[in-house]
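This report concerns only the one structure given below.
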Amino acid sequence: MDITDQIKKLKKEKNAIILAHNYQLPEVHDIADFVGDSLGLSMTAAKTDADVIVFCGVHFMAETAKILSPDKIVLLPDKKAGCPMADMIDAEGLQALQAQHPHAVTLCYVNTSANVKAHCDYCCTSSNALKMVQHILKSHEEIIFIPDKYLAQYVSAQVGRKFITWEGFCPTHARLLPENILQARELHPQAKVLAHPECRPEITALADMVASTEKMCSFVHNDPAVEFIIATEIGIIHRLKKENPEKIFYPASDKAACPNMKRINLEKILWSLQDLEYEIKVSRDTMDKARRAIERMLQIT
Ligand code: 13P
Ligand code: SF4
Numbered sequence: 000m001d002i003t004d005q006i007k008k009l010k011k012e013k014n015a016i017i018l019a020h021n022y023q024l025p026e027v028h029d030i031a032d033f034v035g036d037s038l039g040l041s042m043t044a045a046k047t048d049a050d051v052i053v054f055c056g057v058h059f060m061a062e063t064a065k066i067l068s069p070d071k072i073v074l075l076p077d078k079k080a081g082c083p084m085a086d087m088i089d090a091e092g093l094q095a096l097q098a099q100h101p102h103a104v105t106l107c108y109v110n111t112s113a114n115v116k117a118h119c120d121y122c123c124t125s126s127n128a129l130k131m132v133q134h135i136l137k138s139h140e141e142i143i144f145i146p147d148k149y150l151a152q153y154v155s156a157q158v159g160r161k162f163i164t165w166e167g168f169c170p171t172h173a174r175l176l177p178e179n180i181l182q183a184r185e186l187h188p189q190a191k192v193l194a195h196p197e198c199r200p201e202i203t204a205l206a207d208m209v210a211s212t213e214k215m216c217s218f219v220h221n222d223p224a225v226e227f228i229i230a231t232e233i234g235i236i237h238r239l240k241k242e243n244p245e246k247i248f249y250p251a252s253d254k255a256a257c258p259n260m261k262r263i264n265l266e267k268i269l270w271s272l273q274d275l276e277y278e279i280k281v282s283r284d285t286m287d288k289a290r291r292a293i294e295r296m297l298q299i300t
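Numbering follows numbering that gives the first Met the number 0, in which position 48 of the sequence shown is assigned residue number 47; successive positions increment by one, without gaps.
Structure below.
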């Protein structure tokens, strides 16, 4: 039996579901039951009736799935698959910032640990950050928006309000530079540029469309353009090609590859199902506190 069949057999035996982020390797996309962005993955994790969730993504995403399905077994096939941006802030650092701004509401990007989320009022992903900010601004003046300074800057420009921010960023998206877009545009003048809001502001300023990975997929599907320059992690191009075989995609730079997302492969998924490893464990108290911010987001989205 080949590895794909072995995974399918074990998945059935253990009543497991495989969730994969858009940045995963092509073979991981192809074996997954659901491929999506952070928001779609959280929503799927919240409503699945599987007993086991094999999460092909990075640690904070698997933790979010665990918080939303605390009685299920949530597995991350590689325990070292973390997110450097999420690791740029901890609960102590956030509490120190909150102490300086006692009247501010805290909105955290989903790219944060459960410990950090436990100290936040609201959570957001890149696809609903603007909506969440607009919601909060109806009743509050000050927002602490952590940890991604570029996402915060992007949303801040949309609403014309300043936030209290953190010096966090995604090292993968930060590799994309304006010259990458300018060169790609010169080579492909008909192409539309799609950029993720984790990119530097100089990049989002050059884009035709700024969107989360899922919104990029729907934009490409509905837009009449045939060629697209993709300014985000290169893993998404497999899905874009698969869903739009008649369209052409150019990565803004091959350097935009997230090493953590690429740690997961078919062998590790198989071992994960065989040994039920590596199980995500978070204390009940932290999960209960962190769930408030995530559920508020899911209610508003
Ligand atoms: P989205 O899939 O929500 O757009 O997030 C991108 C990302 O970098 C997650 O780590
Ligand atoms: Fe973290 Fe960036 Fe990798 Fe997403 S792409 S997991 S934000 S390092």
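For each residue, glycine too, the CB sits at the ideal point set by N, CA and C.
Only a predicted model underlies this, so the values are computations on that prediction, with no experimental measurement involved.
If we call anything under 9 Å between Cβ atoms a contact, is residue i one with residue j?
i    : j    : result
H237 : H58  : no
N264 : L40  : no
M260 : K65  : no
D120 : A289 : no
L297 : I6   : no
T212 : I235 : yes
L176 : I228 : no
L205 : L181 : yes
V73  : F54  : yes
F168 : I142 : no
A61  : I299 : no
E232 : Y22  : yes
A117 : A90  : yes
A45  : A15  : no
Q273 : V225 : no
P170 : P223 : no
Compare the Cα-Cα distances from residue i to each of the options and report the closest residue.
i    : options                   : result
S271 : M0, L9, D1 and D4         : L9
I52  : S68, Y108 and L129        : S68
M215 : K78, S125, V104 and D86   : S125
N114 : A206, Q94 and I228        : Q94
R174 : P188, H195 and R290       : H195
I88  : A151, I145 and E12        : I145
H20  : I2, H172, T43 and A128    : T43
K254 : E197, F248, N179 and K240 : N179
I318 : E266, D274, I279 and E276 : One cannot answer for residue 318 here, as it falls past the ends of the chain, which runs 0 to 300.
D36  : H134, R160, T63 and I135  : T63
K240 : E276, S217 and S252       : S217
L275 : R262, D77, L96 and D32    : D77
Under a three-way DSSP split, which group does residue i fall into?
i    : result
K130 : helix
E26  : helix
G81  : coil
M296 : helix
D287 : helix
F144 : strand
F162 : coil
P244 : coil
C107 : strand
A113 : helix
L9   : helix
M87  : helix
Y277 : coil
H220 : helix
M208 : strand
H20  : strand
F59  : helix
L150 : helix
I235 : helix
K254 : coil
A156 : helix
E201 : helix
A95  : helix
C137 : What sits at residue 137 in the sequence shown is Lys, not Cys. The answer is coil: DSSP assigns K137 none of H, G, I, E or B.
Using a Cβ-Cβ distance under 9 Å, would residue i count as near chain B?
i    : result
V132 : Of the protein chains in the structure, only one exists, and it is not chain B.
Is the beta carbon of residue i within less than 8 Å of some heavy atom of ligand 4?
i    : result
L275 : In the structure shown, ligand 4 is absent; the only ligands present are ligand 1 and ligand 2.
Open item on the list: Run the Cβ filter for me: residues under 7 Å from any heavy atom of ligand 2, listed in the order they occur in the chain.
Closed with: Y22, V57, C82, P83, M84, A85, N110, C169, P170, T171, H172, E197, E232, C257, N259 and M260
Open item on the list: Can you confirm whether the region 124 to 143 touches the region 99 to 109 when touching is taken to mean that 3 or more C-beta pairs between the two stretches lie within less than 8 Å?
Closed with: yes
Open item on the list: Measuring CB atoms only, is the region 239 to 253 touching the region 151 to 163, in the sense that at least three cross pairs come out at less than 8 Å?
Closed with: no
Task: Under 5 Å, CB to nearest heavy atom of ligand 1: contacting residues - done: D36, S37, T124, S125, S211 and T212
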